[in-house]
Amino acid sequence: MTGTMKRFVLTGPGEYHYDTAPIPGIEKDTDVQTKILAAGICGTDVHIFHGRRAQEFPFVIGHEYVGIVTAVGPAVTKVKVGDYVTGEANYSCGVCQQCATGHGNLCVDKKIVGITVPGVFQEYTVVPERYVWKIPESISPREGAAIEAGVVGFHAVNRANVHAADRVLIFGAGSVGLWALQCARVQGGRVFVSDVNKERLAIAKELGAEEVFYTGDIPVDEKFDIIIDAAGVPITVQQSISHCRDHGTIVFVGICAEPVEIDMCQVTRHELNLHGAVASNAEYPAFIQLLSTGQISGEKISTHVLPFEEIPKAIDLKAKQIAIKAVIDFSTK
Ligand SMILES: [Zn+2]
Ligand SMILES: [Zn+2]
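Laid out in structure tokens, this is it:
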């Protein structure tokens, strides 16, 4: 596809305009051009919009999307024109030490869509085929726009190594936490969720949480085999340590805004296993498989759908934590 497209352009923190620009074309043999159907608003977009993350302007943000392939380079074999696809947010280089040892999510030279390369709050995007994944038609664009957050939750669960009947406590019923809840259940875990928002706890229940705890109101002596901290605030980091059973596992996936003090003595005495989890690592195919077989779903996670003209409003709904996942519907522009 050639011609012009509409874009949402950030010109500075909290400043933006909509304009038109040439549609990006196929440059490399392995490029895939996609017309975007829907895009999700991520916490990262909110941080950039509010100037809390360094960014050069003007710039197009956004990295969570689904769309239809409109053109492919001559060497592309993975997808064809007309395929319904999503794309990864991080492009690993494939050759650095981290990539070569199977940790592409920690690539020292990674490019990040909507941060270091232009994002998807525009009608078309061009991506190397390696980071594009075909998805089943049964997944609605609304649900598909939440996939990127889902794979992050899936990675956190995979870092925990859940065994059947493990009691898994998740802090934070946002998009990553609610996806992690479903993925942990698929792996046989009995899942418990803690959050400060009662509506989100109700959704956690609908998605199969065995019990929910409001504002971290967890009985003092209650211990869990696995804890996934998807909130990343000082209190949840500390509660993760105090509620983890001896030799249990904690995965920190929520990114703390500042350093947090923890009682290392507890970690040592109870032989706690502490893991970080960031982005995802070669987990798209397995995640899409879970989605396509209906074992997990994003329908309840994508709580708000707004037209293309209302991207600032969608960012605001996410910033105020009214939306779990706010989705931009490109068919309305
Ligand atoms: Zn994201
Ligand atoms: Zn690399």
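340 is the number of the first residue of the sequence shown in my numbering; add one for each residue after it.
Glycine included, C-beta positions come from ideal geometry on N, C-alpha and C.
- Burial state of E462 is buried, judged by a 10 Å Cβ sphere holding 16 or more other Cβ atoms.
- Here V576 has D568, F591, C595, V599, I601 as same chain residues with Cβ atoms under 8 Å from its own Cβ, once five neighbours each way along the sequence are excluded.
- Straight-line spacing of the CA atoms in R346 and S431 works out to 26 Å.
- Secondary structure in the stretch 464-535: the beta strand (DSSP E) runs of 3 residues or longer, each lying completely within the stretch, are 471-473, 506-510, 529-534 in chain order.
- With a threshold of 16 other beta carbon atoms within 10 Å, V434 falls short and is exposed.
- For D384, the enclosing alpha helix (DSSP H) covers residues 382-388.
- Exclusion of E597 from the 7 Å shell around ligand 1 follows from its C-beta lying no nearer than that to any non-hydrogen atom of the ligand.
- Listed in chain order, the non-local C-beta contacts of A616 below 6 Å within the same chain comprise H494, A495, R498, V590, V592, local neighbours out to five positions each way being set aside.
- Taking 8 Å as the cut-off, the Cβ atoms of G412 and I474 do not count as close.
- In the displayed model, F647 falls within a helix according to three-state DSSP.
- Not a single heavy atom of ligand 1 lies less than 7 Å from the C-beta of A665.
- No residue range can be given for T440, since it is assigned to no beta strand (DSSP E) and is classified by DSSP as neither H nor E.
- Assignment of alpha helix (DSSP H) within the stretch 563-602, counting only whole runs of 4 or more residues, yields 573-581 in chain order.
- Taken atom to atom, the span from the alpha-carbon of K544 to that of T343 is near 45 Å.
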